[in-house]
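Note sheet for the following structure.
In our numbering, the protein residues as written are 167 to 495.
What follows is the structure in structure tokens.
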């Protein structure tokens with residue numbers, strides 16, 4: 167048996183260690199309370215502050231990689247970004263659409279770089295990433311906008327379309343970010359913009375492939391944000407944008423009952439504002455950010471009743487045309 171003074175020393179050490187841990191916890195809570203007051207106040211002030219009074223990122227001369235930039239929201243983004251004097255690089259697998267958007271932008275007196283890239287192909291992404299670095303320069307802002315949806319119920323979706331949806335909507339984000347993030351880390355600056363979807367927060371009818379891929383997109387974005395902050399890369403900004411359904415060919419036949427579909431121009435305008443303000447999380451429309459907390463707070467049966475009877479989500483999606491029908495139109 168050890169002498170009494172050894173046991174007494176161990177007991178005192180144990181008590182002091184416990185006291186130290188309690189003090190650290192209390193200090194953490196005090197600091198967190200002050201941070202909560204500061205950040206909530208900051209958010210409220212920024213919410214009511216007009217855009218023209220806020221200090222915004224200058225996009226002039228910034229090299230912006232835009233995926234899916236040949237149509238819909240992507241085309242609107244490209245047009246608005248070149249007007250901001252940004253150097254825009256468009257990746258899209260639709261060569262005819264690429265030619266049209268390039269002609270449209272150049273007819274307005276601006277320059278744009280277009281490349282026929284299949285972002286679902288990892289090797290293709292890495293190949294064109296090297297070409298862009300050589301032709302244009304290191305990318306300052308990655309704008310992962312490309313996306314597809316099949317528009318069929320779970321058992322109707324062909325297996326190859328499920329795979330394609332995930333390759334385009336989520337795996338391509340890994341390849342584009344991996345291709346350009348190392349330089350951002352090296353220079354200590356950059357911006358990654360992820361265009362997600364409200365269906366990545368709340369699943370909906372005829373979107374089992376799309377919603378799941380967008381859930382994954384949001385998970386990737388938020389996890390990468392934590393990694394970058396943990397390693398001190400605070401000047402590499404990240405912006406997650408989750409819009410409601412947009413009035414493009416992707417959601418042809420969709421007829422929302424209570425919320426009108428968004429127009430590509432208004433979505434593009436809001437995304438660019440978010441980039442310039444370096445916002446972390448954006449939902450379009452703004453009030454839709456409350457949908458997820460409400461869903462998680464209320465009973466599951468009430469959530470279903472709300473979705474079916476009030477929002478009427480499934481009814482809105484019944485007439486949605488599938489991918490093959492839209493492509494053939």
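Quick reminder that beta carbons are idealized off the backbone N, C-alpha and C, glycines included.
Look up residue 403 in the DSSP assignment and give the residues it is bridged to. 357
Specify the secondary structure class of residue 281 as computed by DSSP and reduced to three states. strand
By Cβ distance, which residues of its chain are closer than 6 angstroms to residue 259, with the 5 residues on each side in sequence left out? 284
CA-CA distance, residue 432 and residue 182? Straight-line spacing of the CA atoms in residue 432 and residue 182 works out to 59 angstroms.
With 16 other CB atoms within 10 Å as the buried threshold, where does residue 242 fall? Residue environment analysis places residue 242 among the buried positions, since at least 16 neighbouring C-beta atoms fall within 10 angstroms of its C-beta.
Buried or exposed, going by whether 16 or more other CB atoms sit within 10 Å of the CB of residue 318? buried
If you follow the beta strand (DSSP E) that residue 449 is in, where does it begin and where does it stop? Residue 449: member of the beta strand (DSSP E) spanning 447–450, first to last residue.
With DSSP as the reference, please indicate the residues paired to residue 233 in a beta bridge. 257
Can you confirm whether the stretch 268–276 touches the stretch 326–343 when touching is taken to mean that 3 or more C-beta pairs between the two stretches lie within less than 8 angstroms? no
Below 9 angstroms between beta carbons: does that hold for residue 357 and residue 404? yes
Residue 294: which of 307, 280 and 306 sits nearest, CA to CA? 280
Do the stretch 405–423 and the stretch 217–236 touch if we need at least three Cβ pairs shorter than 8 angstroms? no
Under the three-state reduction of DSSP, which class applies to residue 304: helix, strand or coil? coil
Assuming residue 292 and residue 378 are in contact, meaning their beta carbons sit under 8 angstroms apart, how far apart are those beta carbons, in whole angstroms? Rounded, the Cβ-Cβ distance is 25 angstroms, inconsistent with contact.
Nearest-angstrom Cα distance between residue 349 and residue 190? 37 angstroms
Grab me the residues of residue 496's own chain with a C-beta within less than 8 angstroms of its C-beta, minus the 5 sequence neighbours each way, in chain order. For residue 496 there is no data in the structure shown, the boundaries of the chain being 167 and 495.
Residue 335: buried (16+ other C-beta within 10 angstroms of its C-beta) or exposed? With a 10 Å radius around the Cβ and a threshold of 16 neighbouring Cβ atoms, residue 335 comes out buried.
What do you reckon, are the CB atoms on residue 230 and residue 305 nearer than 9 angstroms? yes
Residue(s) in a DSSP beta bridge with residue 408: 449
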